[in-house]
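Undergrad: Chains as they are written, first to last, in our numbering: chain F, 317 to 473; chain E, 917 to 1461. One structure coming up, written as structure tokens, with questions to follow.
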Amino acid sequence: MKKRIVICLLMLVWSLGMQAGLPAVTLQDMNGKSVNVASLAQSGKPIVIAFFATWCKPCMRELKAIDELYADWQDETGVTVYLVSIDQGQDIHKVKPLVDGNGWEFPVLLDPNGTLKRAMNVQNVPHLFVVNSKGEIVYNHTGYSAGDETEIRKYLR
Amino acid sequence: MNRRIVIGLFSFFFALSSIQANDTVFVSGGVQHDGLLDWTPVMYHSNSYADIDLHWQTERGTFRELRAKTRLEMNQWPMPGYEADFAGHGIGHLSVAAAFTWGEITVGDVYGQFGSGLILNLYEDRALGIDGALRGAKIAVEPYKGIRLTALGGKQRRYWDCYKDQAWGWNYTQNAAMGADMEIAIEQWSERMREKDISLSFGGSYVSKYEAEDTIIGFYVDHWHAPGMYRYRVPRWVGAGDVRTQLRVKGFSVLAEYAVKANDPSAENEYNYRLGHAALLSAGYSQKGLSVLVQAKYSDNMSFRSERQRVGLAGRLNHLPAFAYQHTYALAALYPYATQYGDEELAFQGEIRYTAPRKSAFGGKYGTTIQLCASHVRRPFMNEQAESYTDVHVELNKRLSKQWWLNAMLMYQAYNQHVVEGHGGMIRSGIAILDARYQVNNDIGMRAELQYLYSPHHEGQWCFALYELTLFHHWTLSGQWMYNIGFAPDATNAHYYTAGLTFNYGAHRANIGYTKTREGFNCSGGICRYIPQMKGVCVNYSFTF
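The structure is reproduced here in structure tokens:
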């Protein structure tokens, strides 16, 4: 038994050095379809997970900035940017009008109870994760300042 | 309790020891610290959180992931404005979740939301000090394509109880809450519906709470003016139900939801025995570049808590976010609305958003977005006091050139201070906001805001200015100043200001500054808490890994 405990502790220490991936949390998209977040990273191409809320001004600035570069990013790296809305209650119904109204073509997941937000330890929005083609989280960033989007591009591979 | 936790942790580690080579094990987590150094008297207030998650991902049969989560909270001397029993420290969260292809089972502290949260929404909001987790279990399964079932139950967290015999600092109500929810997506059974881009879903949920009967005394005066008293007969079990349906046909979407709550005399509804009702209607249309949304909500006596004698932010089972736009511009958020749970409330909201495409007459070279939003909250009777809140605003967002971005907003707001804060009257105001961003080159960016508010009813005019300079993507220097212009009789001539430096490097964010902020309501997600005026050196740090 002691041996097992020692193995467990060694595993724990070893896992600290492991590159984090996406948790196997199931959310719904805007059409009510269930999506397992961990499976998004299995496409073999990089993905971006961007947490936002409809009321969050820095999020809007960030998403508009990404939208302007998105077509180029897709051509160069095949990246898909997934938006995760943390809006609660009736505000989840504002998400689709906001995304469509701005003309964005990002797929959107709804996280009204903060399940993915907690699983990925997001404290404030905007918060963005870049997952490389191997499914490893290689970059994460909180807040948005002008020009941050150029930093994201460096990790898309 | 401790023994059970040790057994639980041991079982988790035991499971980990059977890891195979192609499995993935990793640790993730986060650290958050918000502090304020105040010198009248000298005191360092701080809220600190450390989260650690251990993930084991595998593919064995239907099993996909085991996830253990723990959170250490150190809030002995919290930031100003929190409720008295928020102060405390210890392990605030402990849970183990097992994810399968058919669903997820969680044991420990669980959160959840049924439908739009009219009868159950257990969530965490650190900005407000809310943690509504149930210590118990939750199971969410998809037994058949298109059918989702969720059931949960436990005791609700209620801040801390460090000073009693609680080694880990937890404090939970002695009452139980439990519920179940079912959602059916019809389009999953019909290929024809999916081909035509039609979806139709039905859902229903039931939540029940148990609380032992306690002695609550009421007082009365009889016909002969003699005082007397009586004891309330309070129900031990209180149930609440919710039904909903949603139809989507291409760009159109309609949702209708209705919830009812059984007799639930509580401190918040002044021990009345009326049923509680809530109804929500939401209809929208959207296509690329254009969207329209109209929503209406009615709620009456929908305070649903795990403890009938509790008021304030803790111990709420449901959550009705304010039916109003949550503003983040300082002056637009000067008078924020919050749902009045115990009262009757009728609310409407609508918005139209249009993005003119690039290289069109209105869109210009880079496109232009314009949106018109309105919300109105009232009590369902007709007199001058019925209006609780109104907000109409129009916002224009445009990129002017390669280096310039502009956001402009005009807003009319009516805020019934008596309804929200219990004093004062109707405050009507007009607000204008200009927000411009200028990118000098790849390394230097700046942003400025100018805001003006005029109200003939309360404190006259306000002005606000903000400037942010971002250097080399990592450093941000910012300063903001808010001033109550002193022409009105009740003007305060007060200045409020904040200046700070933020360092942002990947997942690290550190900020230090000096702040003097106004007393008022801090609102997040439609719930507000009162913050006293504060002054001092503020320090913030957050890191996610």
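A virtual CB, placed ideally from N, CA and C, is assigned to each residue, including glycine. Since the model is a prediction, treat every value here as computed from it, not as a measurement.
(1) For residue 386 (chain F), is the classification buried or exposed, using 16 other Cβ atoms within 10 angstroms of its Cβ as the cut-off for buried?
(2) Going by DSSP in three states, residue 1239 (chain E) sits in which element: helix, strand or coil?
(3) Counting contacts by CB-CB distance shorter than 8 angstroms, is residue 967 (chain E) in contact with chain F?
(4) Under 7 angstroms Cβ-Cβ, which residues of chain E neighbour residue 389 (chain F)?
(5) Cβ of residue 427 (chain F) less than 8 angstroms from any chain E Cβ?
(6) Taking 8 angstroms as the CB-CB cut-off, is residue 1204 (chain E) touching chain F?
(7) Return no unless some Cβ of chain F is closer than 8 angstroms to the Cβ of residue 1029 (chain E).
(8) Going straight from the alpha carbon of residue 417 (chain F) to that of residue 1089 (chain E), what length do you get?
(9) Can you tell me which of E:1334, E:1297, E:1321, E:1123 puts its alpha carbon nearest to the alpha carbon of residue 1362 (chain E)?
(10) In three-state DSSP terms, what is residue 1078 (chain E)?
(11) Mind checking residue 1317 (chain E): buried by the 16 CB within 10 Å criterion, or exposed?
(12) Does the beta-carbon distance from residue 1118 (chain E) to residue 1066 (chain E) come in below 8 angstroms?
(13) Going by DSSP, what residues sit across from residue 946 (chain E) in a beta bridge?
(14) Between residue 1092 (chain E) and residue 1125 (chain E), how many whole angstroms is the CB-CB distance? I'm expecting something under 8 angstroms.
(15) May I ask you to list, following chain order, the residues of the segment 1170-1185 of chain E that have a beta carbon less than 8 angstroms from some beta carbon of chain F?
(16) Would you tell me roughly how many angstroms separate the C-alpha atoms of residue 1351 (chain E) and residue 470 (chain F), rounded to the nearest one?
(17) Is any beta-carbon of chain F found at less than 8 angstroms from that of residue 1304 (chain E)?
(18) With a Cβ-Cβ cutoff of 8 angstroms, do residue 1205 (chain E) and residue 1270 (chain E) count as a contact?
(19) Quick one: does residue 1193 (chain E) have its CB under 8 angstroms from some CB of chain F?
(20) Just tell me which of E:1100, E:1406, E:1391 has its CA closest to the CA of residue 1373 (chain E).
(21) Using a Cβ cut-off of 7 angstroms, pull out every chain F residue sitting near residue 1101 (chain E), in sequence order please.
(22) So, for residue 1146 (chain E): in the same chain, excluding its five sequence neighbours on each side, which residues have a beta-carbon less than 6 angstroms away from its beta-carbon?
(23) Report yes if the CB atom of residue 1008 (chain E) is closer than 8 angstroms to the CB atom of residue 987 (chain E), and no otherwise.
(24) Give me the Cα-Cα distance between residue 1314 (chain E) and residue 1101 (chain E), rounded to the nearest whole angstrom.
(25) According to DSSP, is residue 473 (chain F) part of a helix, a strand, or is it coil?
(26) Considering only residues of the segment 426-467 of chain F, which uninterrupted alpha helix (DSSP H) runs meet the minimum length of 4 residues and lie entirely inside it, listed in chain order?
(27) Helix, strand or coil for residue 375 (chain F) per DSSP?
(28) Can you pull the chain F residues whose beta carbon is under 8 angstroms from the beta carbon of residue 1462 (chain E), in chain order?
(29) Give the range of the beta strand (DSSP E) segment to which residue 423 (chain F) is assigned.
(30) Taking a cut of 8 angstroms between CB atoms, which residues from the segment 1206-1221 of chain E lie near chain F?
(31) Do residue 1267 (chain E) and residue 413 (chain F) have their C-beta atoms closer together than 8 angstroms?
(32) Report yes or no: do the segment 1219-1239 of chain E and the segment 1177-1185 of chain E share at least 3 C-beta pairs separated by less than 8 angstroms?
(33) Taking 8 angstroms as the CB-CB limit, is residue 1200 (chain E) close to chain F?
(34) Could you say if the segment 1016-1033 of chain E and the segment 1104-1116 of chain E meet the contact criterion of at least three C-beta pairs nearer than 8 angstroms?
(35) What did DSSP end up calling residue 395 (chain F) once you bin it into helix, strand or coil?
(36) In chain F, which residues lie with their C-beta within 9 angstroms of the C-beta of residue 1237 (chain E)?
TA: Looking at the coordinates:
(1) Sequence index remark: in the first sequence, residue 386 (chain F) carries index 70 (1-based). With 16 or more Cβ atoms within 10 Å of its Cβ, residue 386 (chain F) is classed as buried.
(2) Along the second sequence, one-based indexing puts residue 1239 (chain E) at 323. Residue state, collapsed to three classes: coil.
(3) Residue numbering aside, residue 967 (chain E) sits at position 51 when the second sequence is read from its first letter. It does; some Cβ of chain F falls within 8 angstroms.
(4) For the purposes of this step, residue 389 (chain F) is identified with residue 73 of the first sequence, where counting begins at 1. Here the premise fails: no neighbours, minimum Cβ distance about 17 angstroms.
(5) Numbered from its first residue, the first sequence carries residue 427 (chain F) at position 111. No, its Cβ sits nowhere closer than 8 angstroms to a Cβ of chain E.
(6) Indexing the second sequence from 1 puts residue 1204 (chain E) at position 288. At least one chain F Cβ lies under 8 angstroms of residue 1204 (chain E).
(7) On the second sequence, position 113 is the one that residue 1029 (chain E) refers to. Closer than 8 angstroms to some Cβ of chain F, the Cβ of residue 1029 (chain E) qualifies, so yes.
(8) The count along the first sequence starts at 1 and reaches residue 417 (chain F) at position 101. The count along the second sequence starts at 1 and reaches residue 1089 (chain E) at position 173. Going by the C-alpha atoms only, they are around 45 angstroms apart.
(9) The residue given as residue 1362 (chain E) occupies position 446 in the second sequence. Out of E:1334, E:1297, E:1321, E:1123, E:1321 has the C-alpha closest to the C-alpha of residue 1362 (chain E).
(10) Taking the first residue of the second sequence as 1, we reach residue 1078 (chain E) at position 162. With a pLDDT of 49 at residue 1078 (chain E), under the threshold of 50, the modelled position of this residue cannot be trusted; read the value that follows with caution. In this structure, residue 1078 (chain E) counts as coil in the three-state DSSP scheme.
(11) Counted from its first residue, the second sequence places residue 1317 (chain E) at position 401. That one is exposed.
(12) In the second sequence, the residue the question calls residue 1118 (chain E) occupies position 202. In the second sequence, the residue the question calls residue 1066 (chain E) occupies position 150. Result no, Cβ atoms of residue 1118 (chain E) and residue 1066 (chain E) do not sit closer than 8 angstroms.
(13) Along the second sequence, one-based indexing puts residue 946 (chain E) at 30. E:967, E:1460.
(14) Position 176 of the second sequence, counted from the first residue, corresponds to residue 1092 (chain E). Position 209 of the second sequence, counted from the first residue, corresponds to residue 1125 (chain E). The pair is a contact, with the Cβ atoms about 7 angstroms apart (cut-off 8 angstroms).
(15) 1171
(16) The residue labelled residue 1351 (chain E) in the question sits at position 435 within the second sequence. The residue labelled residue 470 (chain F) in the question sits at position 154 within the first sequence. Their Cα atoms are separated by approximately 29 angstroms.
(17) As a position in the second sequence, residue 1304 (chain E) is number 388, starting the count at 1. No, residue 1304 (chain E) does not count as interfacial toward chain F.
(18) Against the second sequence, residue 1205 (chain E) aligns to sequence position 289. Against the second sequence, residue 1270 (chain E) aligns to sequence position 354. Their beta carbons are under 8 angstroms apart, which means residue 1205 (chain E) touches residue 1270 (chain E) by this criterion.
(19) Along the second sequence, one-based indexing puts residue 1193 (chain E) at 277. Output row for residue 1193 (chain E): interface = no.
(20) If you number the second sequence from 1, residue 1373 (chain E) lands on position 457. Checked all of E:1100, E:1406, E:1391; the closest Cα to residue 1373 (chain E) is E:1406.
(21) In the second sequence, residue 1101 (chain E) corresponds to position 185, counting from 1. Those within 7 angstroms of residue 1101 (chain E) in chain F are 348.
(22) Start at 1 with the first residue of the second sequence, and residue 1146 (chain E) comes out as number 230. Around residue 1146 (chain E): 1134.
(23) On the second sequence, position 92 is the one that residue 1008 (chain E) refers to. On the second sequence, position 71 is the one that residue 987 (chain E) refers to. Yes.
(24) As a position in the second sequence, residue 1314 (chain E) is number 398, starting the count at 1. As a position in the second sequence, residue 1101 (chain E) is number 185, starting the count at 1. Their backbone Cα atoms lie some 39 angstroms apart in a straight line.
(25) Residue mapping note: residue 473 (chain F) aligns to position 157 of the first sequence, counting from 1. Looking at residue 473 (chain F) - three-state DSSP - the assignment turns out to be coil, as it is neither helix nor strand.
(26) 431-435
(27) Residue 375 (chain F) sits at position 59 when you count from the first residue of the first sequence. Residue 375 (chain F): helix per DSSP, three-state reduction.
(28) Here chain E has residues from 917 to 1461 only, and residue 1462 (chain E) is not among them.
(29) Locating residue 423 (chain F) in the first sequence gives position 107, counting from the first residue. It is not in any beta strand (DSSP E) - residue 423 (chain F) carries neither H nor E in the DSSP assignment.
(30) 1206, 1207, 1208, 1209, 1211, 1213
(31) For the purposes of this step, residue 1267 (chain E) is taken as the residue at position 351 of the second sequence. For the purposes of this step, residue 413 (chain F) is taken as the residue at position 97 of the first sequence. Yes, the pair counts as a contact, with Cβ atoms nearer than the cut-off.
(32) yes
(33) Within the second sequence, residue 1200 (chain E) is the residue found at index 284, counting from 1. For residue 1200 (chain E), the answer is yes, since a Cβ of chain F falls inside 8 angstroms of its Cβ.
(34) no
(35) Residue numbering aside, residue 395 (chain F) sits at position 79 when the first sequence is read from its first letter. Residue 395 (chain F): coil per DSSP, three-state reduction.
(36) Within the second sequence, numbered from 1, the residue matching residue 1237 (chain E) stands at position 321. Neighbours of residue 1237 (chain E) on chain F, chain order: 403, 404, 405, 406, 407.
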